[in-house]
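Protein chains: 2
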Amino acid sequence: MQRIESHASYGGVQEVWQHESRVLGCSMRFGVYLPPQLQLGPCPVLYWLSGLTCNEQNFITKSGIQQHAAAHGLIVVAPDTSPRGEGVANADSYDLGQGAGFYLNATQAPWASHYRMHDYVVDELPALVERQFPATGLRSVSGHSMGGHGALVVALRNPGRYRSVSAFSPIVAPSRVPWGQKAFAAYLGEQREHWREWDACELIATARERLPLLVDQGGADEFLTRELQPELLEQACDAQAHPLLLRRREGYDHSYYFIASFLAEHMAHHAQALQAK
Amino acid sequence: MQRIESHASYGGVQEVWQHESRVLGCSMRFGVYLPPQLQLGPCPVLYWLSGLTCNEQNFITKSGIQQHAAAHGLIVVAPDTSPRGEGVANADSYDLGQGAGFYLNATQAPWASHYRMHDYVVDELPALVERQFPATGLRSVSGHSMGGHGALVVALRNPGRYRSVSAFSPIVAPSRVPWGQKAFAAYLGEQREHWREWDACELIATARERLPLLVDQGGADEFLTRELQPELLEQACDAQAHPLLLRRREGYDHSYYFIASFLAEHMAHHAQALQAK
């Protein structure tokens, strides 16, 4: 495990680390913001899951996360979006393969040997973070687009593991939209009954924990009607009386300009749940 | 003049425009943030000058400027750092030619025909901005590194034109450091008497306006002792009793993580000078 970047930021430090992932079978990078409050003792951790085409850099360079993490005393960990490297299967498209891990455990060749982002994000990475940094063991999770899907799914699949969950412009029903259908068919195979356990709208029906979902969705998002369809999440939550706060932000698109504009509210939500500050 | 990007951001809009520059003889892009206060009437403009290798994207995607511009009701204009394109002279290095215009008017071949960033930033661009957007005509200027040099120089050379000036990690004495010496020799020729009028430390001696200089400099900046040497600006200001607030920020480097950490203070300074809000 090696630190490859370190930048003072808002009184804390933004770092990037590289390590060999046992779960993924490749070298991985993640960003970690260490807030100034660590001088007083351990802090809880927010995990951020990024969207298609992103790596560990996008969120830490474009979102302005550091100011909010410093304000609330949160460690923020931002992993890459898939396994990477020469020995790792890939595809000639931005929405499958490297950069598009979809936070699931693949079962199909040639993906199954490396594409286990669920286990990486839920188990291996937190264990490593909690060994390496002074973290309290309390965790929350958020993400954007494919990473919003990831945040909802890892929270719904792992009751008790996260104190809070939120998402920006998430893919809420991957089984029913083109991005998800393409990825699930490749990673999980054509049998749709296996898709359910990776689909937030399906997982709501069997959720053992009523963790409130906080979701922001831009009204001018170019992927709104084809890939995102937040009304499907609304319907799924309504049917189960699962707590959901879905906010439509008129005029906002799918970019980091949207995330940055509303990140303060998500971080306040997570900080409250984590009893930070 | 054509709008090529538009993103809702903090209640306003972050746009990118492209236009044909008469001064530079090429097509140019700039970012412009339009704050929500424009619904109530015209707003003043802060010009941001970026550093070596940057274009119009770096500042608008990495600094978090939009939240501060929205808080204070400022339009923020971020131009590219040089003329660009196939017909524009270039060099095989990051610190000369395209991406490295140094905010001066070149006099030497092959640069003189396009490299007139001073006149572009001081005259052509503001005229265009004030025609196209509801701007009050009040202007301030800031920048980073090569752009910090640019901000200090355009303010010192043009008394009365800017209400306030600030800089992050500026090249304060280009005549005396490698980056500046290389660029000035190429753009202005070997006769050093021509370099003085583009060197902030030299311009302090003949400044007709005592505009206070606000400068932040990271103490862990990798270019501190070779290229930046803020003590030279301190000495030049001391000798002329020119007002300077120079803050050394221990542990901070040359990156946008540094700029983002202290941008709020610069924007409050400019907003006060511009009597915005």
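Keeping their order, the protein sequence lines are chains G and U. Our numbering puts the first residue of the first sequence at 882, with every later residue one more than the last. Our numbering puts the first residue of the second sequence at 882, with every later residue one more than the last. Backbone N, C-alpha and C fix where the C-beta goes; we use that ideal spot for every residue, glycine too.
Q: Could you please give me the residues that DSSP links to Val1058/U through a beta bridge?
A: Partner(s): none; Val1058/U has no beta bridge.
Q: With a threshold of 16 other CB atoms inside 10 Å of the CB of Ile956/U, please say whether the residue is buried or exposed.
A: buried
Q: Along the beta strand (DSSP E) that carries Met909/U, what are the first and last residues, could you check?
A: Cys907 to Leu915
Q: Step through the CB atoms of chain G and report whether any lies within less than 8 Å of the CB of Lys943/U.
A: yes
Q. Got a sec: does the ligand ZN put a non-hydrogen atom nearer than 7 Å to the Cβ of Val913/U?
A. This structure does not include the ligand ZN; it has no bound ligands of any sort.
**Q.** Coarse secondary structure for Pro925/U, derived from DSSP in three states
**A.** strand
Q | Segment contact, 8 Å Cβ cut-off, at least three pairs: the region 1127-1135 of chain G with the region 1105-1115 of chain G | A | yes
Q.
Rounded to whole angstroms, what is the Cα-Cα separation between Asn971/G and Leu1019/U?
A. 53 Å
Q.
Please state whether the Cβ-Cβ distance between Val1034/G and Ala987/G is less than 8 Å.
A. no
**Q.** Exposure of Met909/G, with buried meaning 16 or more beta-carbon neighbours within 10 Å
**A.** buried
Q) For chain U, is any of its Cβ atoms less than 8 Å away from the one on Gln1116/G? A) no
Q.
Can you tell me whether Tyr975/G is buried or exposed? The criterion is at least 16 other CB atoms within 10 Å of its CB, across all chains shown.
A. exposed
Q | Complete beta strand (DSSP E) runs within the region 1034-1122 of chain G (minimum length 3 residues, chain order) | A | 1046-1049 and 1094-1099
Q | Sufficient close CB pairs (3 or more, under 8 Å) joining the region 1130-1138 of chain U to the region 1081-1101 of chain U | A | yes
Q. Taking the alpha helix (DSSP H) that His1147/U falls in, what are its first and last residues?
A. Tyr1137 to Ala1154
Q.
Short of 8 Å Cβ to Cβ, which residues in the region 1135-1152 of chain U face chain G?
A. Ser1136, Tyr1137, Tyr1138, Phe1139, Ala1141 and Ser1142
Q: Check the Cβ of Ser1047/G against every Cβ in chain U and list those closer than 9 Å, keeping chain order.
A: Within chain U, no residue comes near Ser1047/G; the closest Cβ sits about 19 Å away, beyond 9 Å.
**Q.** Residue environment, Ile946/U, which counts as buried when at least 16 other CB atoms sit within 10 Å
**A.** buried
Q. Residue range of the alpha helix (DSSP H) that Arg997/G falls in?
A. Run containing Arg997/G: none; DSSP gives neither H nor E here.
Q | Reference Ala1036/U, options Tyr996/U, Pro1055/U, Arg1091/U and Val1010/U, closest by Cα | A | Arg1091/U
Q) Looking at C-beta atoms only, is the number of pairs between the region 959-968 of chain U and the region 989-1004 of chain U that lie closer than 8 Å three or more? A) yes
Q. Are the beta-carbon atoms belonging to Cys924/G and Pro916/G less than 8 Å from one another?
A. yes
**Q.** Pro1059/G versus Glu1108/G: straight-line alpha-carbon distance, rounded
**A.** 6 Å
Q: Label Arg1038/G either buried or exposed according to how many other C-beta atoms from any shown protein chain fall within 10 Å of its C-beta, with 16 as the threshold for buried.
A: buried
Q: Determine the chain C residues that contact Gln895/U at a beta-carbon separation under 8 Å, and present them in chain order.
A: Protein chains G and U are contained in the structure displayed, whereas chain C is not.
Q. Out of curiosity, what's the CA-to-CA distance linking Val1102/G and Gln1116/G?
A. According to the sequence shown, residue 1102/G is Asp rather than Val. Approximately 20 Å, taken between the alpha carbons.
Q | the region 977-993 of chain U contacting the region 1010-1018 of chain U, beta-carbon criterion three pairs below 8 Å | A | no
Q: Compile a chain-ordered list of the residues in the region 901-915 of chain U whose CB is closer than 8 Å to at least one CB of chain G.
A: none
(Q) Could you tell me the alpha carbon to alpha carbon distance between Gln883/G and Val897/G, rounded to whole angstroms? (A) 9 Å
(Q) With H, G and I counted as helix, E and B as strand and the rest as coil, what does DSSP make of Glu901/G? (A) strand
Q) In chain order, what residues of the same chain lie with their CB nearer than 7 Å to the CB of Tyr891/G, ignoring the 5 residues before and after it? A) Gln947, Gln948 and Ala951
Q.
Please classify Pro1055/G as buried or exposed, where buried requires at least 16 other C-beta atoms within 10 Å of its C-beta.
A. buried
Q.
So for Gln960/U, helix, strand or coil by DSSP?
A. Inspection of the sequence shows that residue 960/U is occupied by Pro rather than by Gln. Correct three-state label for Pro960/U: strand.
Q. Around the C-beta of Gly893/U, are 16 or more other C-beta atoms found within 10 angstroms, so that it is buried, or is it exposed?
A. buried
Q.
My assumption, with CB atoms under 8 Å, is that Ser1023/U sits in contact with Ser1050/U. Please give the rounded CB distance.
A. Contact flag wrong, Cβ pair sits at about 12 Å.
**Q.** CB contact below 8 Å: Gly1132/G versus chain U
**A.** yes
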